[in-house]
Amino acid sequence: MYPRRVTIMKKANIIFGCLFILFSVGIILFTLNTFPDGVSGVPGPALFPILISIVMVLLALLIIFHYLRIKEDTVINWLADGTKRVYLAMVILAVYVILIPIIGFFVMSFILLMGLIKWFRKKGVMYTAVVSASILGFVYVVFNIFLRVPLNLGILF
6 MYPRRVTIMK
16 KANIIFGCLF
26 ILFSVGIILF
36 TLNTFPDGVS
46 GVPGPALFPI
56 LISIVMVLLA
66 LLIIFHYLRI
76 KEDTVINWLA
86 DGTKRVYLAM
96 VILAVYVILI
106 PIIGFFVMSF
116 ILLMGLIKWF
126 RKKGVMYTAV
136 VSASILGFVY
146 VVFNIFLRVP
156 LNLGILF
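See the structure below:
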């Protein structure tokens, strides 16, 4: 059986670019009207969502201009071997996000990092464990100690 091929139309990409611009502008307006201003020159909680929305607007404009310039449509093979790995990674990330509140950030992140490093780098268990623990140690120091952002430690801690 032949793999299914789908043609992506220029018009659809341009429409999605416009929808992302509208969504981003809506987030900016919501953020400006909802979150408090900064105090004494220190930015408030509105800064990060506004920055992300501005980046989204710029990227959506880039997509729109790109697809306005090209002449032909792009053909995508939805069931190629590389795309199957992407779909599997998306499912794994969805399960990860669902299980974080139940099991905890550090336990789930350690399992996720171990699996991803093993999958993509094909290294030994000791290497993946050390790298995973190092990344999580860095995240803990930055967020819990320096930024004082509480992280859900999970059921084992």
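Per my numbering, the sequence shown runs over residues 6 to 162. For every residue, glycine included, the Cβ atom is placed at its ideal position computed from N, Cα and C.
Distance between residue j and residue i (C-alpha atoms, nearest Å)
i	j	result
Thr39	Pro54	12 Å
Ile140	Phe151	16 Å
Asp42	Met95	36 Å
Pro8	Val91	Low confidence applies to Pro8: its pLDDT is 49, below 50, so where it sits in the model is not reliable enough to give any reading.
Ser45	Leu52	14 Å
Met6	Thr88	Its pLDDT being 44, under 50, Met6 is placed unreliably in this model, and the value from its coordinates should be taken loosely. Spanning the two alpha carbons is a distance of roughly 17 Å.
Gly49	Leu156	21 Å
Ile19	Ile69	5 Å
Ile108	Ala99	14 Å
Pro106	Val154	16 Å
His71	Gly159	44 Å
Leu63	Phe35	19 Å
Gly129	Gly120	11 Å
Phe115	Met61	30 Å
Val135	Ile32	39 Å
Trp124	Leu93	12 Å
Phe25	Tyr145	33 Å
Reduced DSSP secondary structure (H/G/I, E/B, other) of residue i
i	result
Val91	helix
Val154	coil
Gly120	helix
Gly129	coil
Ile160	coil
Ile75	coil
Ser109	The displayed chain sequence assigns Gly, not Ser, to residue 109. Of the three classes helix, strand and coil, the one that applies to Gly109 here is coil, per DSSP.
Lys15	helix
Proximity to residue i [Cα-Cα], best of the options
i	options	result
Leu117	Ile97, Leu24, Phe21, Lys127	Ile97
Ala65	Met113, Tyr132, Phe21, Ile75	Phe21
Leu73	Lys16, Val135, Leu37, Met131	Lys16
Leu56	Ser29, Lys76, Phe110	Ser29
Leu27	Ile59, Val144, Phe111	Ile59
Asn149	Cys23, Ile75, Met131, Phe111	Phe111
Cys23	Leu37, Leu67, Met113	Leu67
Sheet register partners of residue i (DSSP bridge)
i	result
Val100	Looking at the DSSP assignment, Val100 forms no beta bridge with any residue, so it has no partner.
Phe44	One point to set straight first is that residue 44 is Val, not Phe, in the sequence displayed. In the DSSP output, where bridge partners are listed per residue, Val44 has Val47.
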